[in-house]
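> Quick one: structure below, then a few questions.
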Amino acid sequence: MQIEIATLFPDMCEAVLSESIIGRARKKGAITVQCHQIRDYTADRHNRVDDSPFGGGMGMVMQAQPVYDCWKAVKAQSELPMHTIYLSPKGNVLTQQRVRELAEMPRLFLLCGHYEGIDQRVLDRIVDE
Numbered sequence: 001m002q003i004e005i006a007t008l009f010p011d012m013c014e015a016v017l018s019e020s021i022i023g024r025a026r027k028k029g030a031i032t033v034q035c036h037q038i039r040d041y042t043a044d045r046h047n048r049v050d051d052s053p054f055g056g057g058m059g060m061v062m063q064a065q066p067v068y069d070c071w072k073a074v075k076a077q078s079e080l081p082m083h084t085i086y087l088s089p090k091g092n093v094l095t096q097q098r099v100r101e102l103a104e105m106p107r108l109f110l111l112c113g114h115y116e117g118i119d120q121r122v123l124d125r126i127v128d129e
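Quick note: the sequence shown, position 54, residue 54 per this note's numbering, numbers continuous.
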């Protein structure tokens, strides 16, 4: 199983993913986990990834462009089908049954939000759940 994690904080993810059960599974080769820095895909010369919401509203959201470009680049790295999940407190509860189902998938792309969330236009385009 391949797990791809897109985040603004890949170093934080690596610190956690090298320990405990996941760390042991990685060492045994049972899973591969890669953390991707969304900032690496921004077209902004200052590496900005946040902007005001396209439709207006409070706060800042992650821009569609760097999120989409990151997803597209990661997807192109393998021919395995990739299931995309946006990690959000508004999402579904993660149950043991759902974990079993996800474990059967060959490749997961976990999208970590920040600020007030992610531009809805990119979520509508790439997210499976």
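Even glycine gets a Cβ: it sits at the ideal position worked out from N, Cα and C.
In this text the structure is predicted, and so the values were computed from the model without any measurement.
Could you tell me which residues DSSP pairs with D50 in its beta bridges?
Stepping through the sequence shown from its first residue, residue 50 is reached at position 50. M62.
> Since V122 is in the alpha helix (DSSP H), which residue starts that stretch and which ends it?
Residue numbering aside, residue 122 sits at position 122 when the sequence shown is read from its first letter. Segment 120 to 126, the alpha helix (DSSP H) holding V122.
> Grab me the residues of I136's own chain with a C-beta within less than 8 Å of its C-beta, minus the 5 sequence neighbours each way, in chain order.
The structure shown does not extend to residue 136, since the chain is modelled only from 1 to 129, so the question has no answer here.
> On the CB-based measure, 16 or more other CB atoms within 10 Å of its CB, does P10 come out buried or exposed?
Looking up residue 10 in the sequence shown gives position 10. P10 comes out buried.
> Can you give me the start and stop residues for the beta strand (DSSP E) that L87 sits inside?
Counting from one through the sequence shown, the residue named residue 87 turns up at place 87. Counting along the chain, the beta strand (DSSP E) containing L87 begins and ends at 83 to 87.
> Output the distance between the C-alpha atoms of G59 and S52, rounded to the nearest integer angstrom.
Looking up residue 59 in the sequence shown gives position 59. Looking up residue 52 in the sequence shown gives position 52. G59 and S52: Cα-Cα distance of roughly 7 Å.
> Could you please give the first and the last residue of the uninterrupted beta strand (DSSP E) stretch that includes Q2?
Taking the first residue of the sequence shown as 1, we reach residue 2 at position 2. Here the beta strand (DSSP E) through Q2 covers 2 to 7.
> What first and last residue would you give for the alpha helix (DSSP H) that runs through V16?
Numbered from 1 along the sequence shown, position 16 holds the residue referred to as residue 16. Where V16 is concerned, the enclosing alpha helix (DSSP H) stretches over 10 to 17.
> What does a CB cutoff of less than 7 Å around Y115 pick up in its chain, not counting 5 residues either side in sequence?
In the sequence shown, counting from the first residue as 1, residue 115 sits at position 115. Contacts found: D50, G59, M60, V61, M62.
> Please name the residue, chosen from E129, Q120, D124, I126, that lies closest to G56 on a Cα-to-Cα basis.
Position 56 of the sequence shown, counted from the start, is the residue given in the question as residue 56. With distances taken between Cα atoms, G56 lies closest to Q120.
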